[in-house]
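Notes to accompany the following structure.
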Amino acid sequence: MNAVNKIVIELKDVSKKFVIPHEKVNSLKSTVLNFWKNRNYETFYALKGISLDVKEGEFLGIVGRNGSGKSTLLKILAGIYEPDEGHISVKDKLSPFLELGVGFNGELSGRDNIYLYGSVLGLTKRQIDSRFDEIVSFAELEKFIDLKMKNYSSGMFVRLAFSVAIRADAPILLVDEVLAVGDVGFRQKCFEVFNSHKKDGKTVILVSHDPEWIRKFCDRAVLLKNGTVHFCGETDKAISLYISGE
Amino acid sequence: MGKSTNNNRRAWNNIPFLMGQLALTDFKLRYNNSVLGYFWSLLNPLLIFGVYYLVFSVFMRFEGISHYPLYLLLGILLWSYFAESTSNGMASIQYKASLISKINFPKWVIVVSSNLTSMLTLVVNMLIFSAFFVISGAPFFSGMPVFILCLAQLIILSMGVSFLLSSFYLRFRDLSHIWGILTQALFWLTPIIYPPDIIPSGFKYFFMLNPMARIIEDSRDILIYGRMPGLLDTVVTVVIISFILVVGIGIFNMRARKFAEEI
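Respectively, the protein sequence lines represent chains A and B.
The first sequence finishes on residue 675 if you use my numbering, and the numbering steps up by one all the way, no holes.
The second sequence finishes on residue 339 if you use my numbering, and the numbering steps up by one all the way, no holes.
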């Protein structure tokens, strides 16, 4: 790692709140009918005053219990949500692995789905064309690539999704729990991919419930608690705090 | 209000590719699992045409419309594009909910690709019209290529309405029912099966401010009667259509940043 690494992601006092109405109104009819009624709602801060810098080439782990704001933070990093308060700046191309196979469609063949998913991830046709064989062989699906995806096993599905996603080739990767799936062999492959990313100096943000993975890869970890940064620093410390529940 | 600076931009040449992929997928899925496949989409307007032709040409008669079958068919085909593309465009954001909540990408691509899918149907519908036209033995005119401009107006209008409707669809799910009823009403308020001449002259001007009425009338004039539409009327229609598109895109852009939370 470089001594002077530039900051690629910067969050300053980022808050995200959700309005939770006591009664959900999602039709025009009920909006008109309830126009004069007092509408009760609660404001819930999913994230509150998060400040965080991520440096280039860093492997940052994010841990926290359910409801601590991990997913909201990831969605803000990925640009899916906009923060309500504060400022976020992402200075390089970022590829989110929030869920594998977003947009995959069972009625289409594996081949069609590679192009569909690749286009969603931001690849151009030419890029997919040139990486196609690589994608198929990494997923070990040479024989099944023209089969409709609804006939794939869940393992095949995930392998193909992961295989396309890692070709998206962005300098920043956002990874959420995708490692939890797949058999031993596939996990080993993921392991190798992340190791090579680490060597290539890519920035990776990894969210996982599995302390083992965080410990294995991350230079630094963030522990989220009730939407705030409870601890940020040494990986081992963050994990022991997370496990002890403090 | 929070600020976000994001350099996570897509390559420019990804956008048309993505749009094409989404449109193609929709198209494949829609006709993949039906025995008659693509023909379902043709059958619908043709069936409507058959029934209306029977009722309004054999049972009742509009006097003085030459080539009434062509007149009727063209109106129905253009209208069915408007109805189909706007109702699909409206729901397209909901249909792609899983994408929107997992990946950051330009939402307008979804609406445009949904309209592209409908355009594939429009192309085939126009081929069918050409076949009917040739069979009917109606004369050809040198001004026929001007019809492309009518199609352009139709496509832009549908796009604008799609943007407008899809902006609010996640918030108001009953919009699909409301729009369903409205398109039914608009169908009868647009001169599709009857000529605009039967409208009392005091109302006719306002009636023809409906861009669909003007587009359908102009298309018939150009293709069936070899007349060019008036410049002023065209300018007024283009202004109305552009207004709808600009407002539609404006509202869509304002609302799009909240789509992921509304799903």
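Heads up, the beta-carbon is just placed ideally off N, CA and C, and yes, glycines get one too.
Quick caveat: nothing in here was measured; it's all calculated off a predicted structure.
Would residue i be called buried (16 or more neighbouring beta carbons within 10 Å of its own) or exposed?
i: A207(B); result: exposed
i: Q97(B); result: buried
i: V633(A); result: buried
i: S190(B); result: buried
i: T313(B); result: buried
i: D541(A); result: buried
i: D102(B); result: buried
i: S583(A); result: exposed
i: V185(B); result: buried
i: L100(B); result: buried
i: W264(B); result: exposed
i: S212(B); result: exposed
i: G677(A); result: Within the shown structure, residues of chain A are numbered from 430 to 675, placing residue 677(A) beyond reach of any answer.
i: L476(A); result: buried
i: D665(A); result: exposed
i: V134(B); result: exposed
i: W88(B); result: exposed
Nearest to residue i by alpha carbon, out of the options?
i: L457(A); options: P92(B), Y245(B), T162(B), V222(B); result: Y245(B)
i: V519(A); options: K445(A), L503(A), G530(A), S459(A); result: L503(A)
i: N201(B); options: L154(B), R85(B), V210(B); result: L154(B)
i: A507(A); options: R494(A), V604(A), N580(A); result: V604(A)
i: P305(B); options: F209(B), C226(B), G140(B), L233(B); result: C226(B)
i: N90(B); options: D629(A), L550(A), E536(A); result: L550(A)
i: I325(B); options: V188(B), E293(B), T81(B); result: V188(B)
i: V622(A); options: R596(A), N469(A), F660(A); result: R596(A)
i: P272(B); options: G151(B), L258(B), I254(B), E338(B); result: G151(B)
i: L308(B); options: I320(B), L285(B), I292(B); result: L285(B)
i: S117(B); options: F93(B), F135(B), E160(B); result: E160(B)
i: I292(B); options: S174(B), M235(B), L230(B); result: L230(B)
i: I601(A); options: V613(A), G630(A), K577(A); result: G630(A)
i: S234(B); options: T193(B), L148(B), F138(B); result: T193(B)
i: L203(B); options: R85(B), L105(B), L149(B), I316(B); result: L149(B)
i: F138(B); options: P267(B), G278(B), S295(B), M288(B); result: P267(B)
i: V613(A); options: Q556(A), H451(A), R588(A); result: R588(A)
i: P287(B); options: I257(B), F209(B), F319(B); result: F319(B)
i: T472(A); options: I479(A), K579(A), P450(A); result: P450(A)
i: Y144(B); options: A332(B), K334(B), T310(B), I300(B); result: I300(B)
i: I339(B); options: T310(B), A289(B), I257(B), R249(B); result: R249(B)
i: K628(A); options: D513(A), E487(A), N455(A); result: E487(A)
Against residue i, what residues of chain B qualify as contacts under a CB-to-CB distance less than 9 Å, listed in chain order?
i: P640(A); result: Neighbours of P640(A) on chain B: none; closest Cβ ~25 Å, over 9 Å.
i: T460(A); result: R247, F248
i: A507(A); result: N84, K178, I179, N180
From residue i to residue j, what does the alpha carbon distance come to, in whole angstroms?
i: R560(A); j: F533(A); result: 18 Å
i: L241(B); j: G496(A); result: 34 Å
i: E563(A); j: F181(B); result: 25 Å
i: K445(A); j: K178(B); result: 17 Å
i: Q170(B); j: V531(A); result: 15 Å
i: M585(A); j: P525(A); result: 20 Å
i: D639(A); j: A590(A); result: 21 Å
i: V443(A); j: Y581(A); result: 41 Å
i: C647(A); j: S592(A); result: 22 Å
i: K572(A); j: D558(A); result: 18 Å
i: A594(A); j: F615(A); result: 14 Å
i: I574(A); j: L545(A); result: 14 Å
i: S252(B); j: M166(B); result: 8 Å
i: A667(A); j: C661(A); result: 7 Å
i: L130(B); j: V454(A); result: 45 Å
Would you mind telling me which residues of chain A sit closer than 8 Å to residue i, beta carbon to beta carbon, in chain order?
i: F181(B); result: V549, G551
i: A336(B); result: K504, I509, Y510
Determine whether the beta carbon atoms of residue i and residue j lie at a separation below 7 Å.
i: Y474(A); j: G656(A); result: yes
i: L653(A); j: G547(A); result: no
i: I269(B); j: F125(B); result: no
i: F158(B); j: S243(B); result: no
i: T162(B); j: V237(B); result: yes
i: A336(B); j: Y510(A); result: yes
i: I141(B); j: G219(B); result: no
i: I38(B); j: L321(B); result: Outside the shown range of chain B, which is 77 to 339, sits residue 38(B), and nothing can be said about it.
i: S480(A); j: L440(A); result: yes
i: L94(B); j: E536(A); result: no
i: I543(A); j: K484(A); result: no
i: P121(B); j: S156(B); result: yes
Can you pull the chain A residues whose beta carbon is under 9 Å from the beta carbon of residue i, in chain order?
i: Q260(B); result: The premise fails here: Q260(B) is roughly 17 Å from chain A at the closest Cβ pair, so nothing lies under 9 Å.
Note down, in chain order, every chain A residue with its Cβ under 7 Å from the Cβ of residue i.
i: L251(B); result: L457
i: I254(B); result: L457
Determine the chain B residues that contact residue i at a beta-carbon separation under 7 Å, and present them in chain order.
i: L570(A); result: Simply none; closest approach about 19 Å.
i: L545(A); result: Q97, T101
i: E528(A); result: K178
i: P600(A); result: Result: empty, since nearest Cβ-Cβ is about 10 Å, beyond 7 Å.
i: P525(A); result: I179
Output, in chain order, the set of chain B residues within a Cβ distance shorter than 8 Å of residue i.
i: V531(A); result: S174, L175, K178, I179
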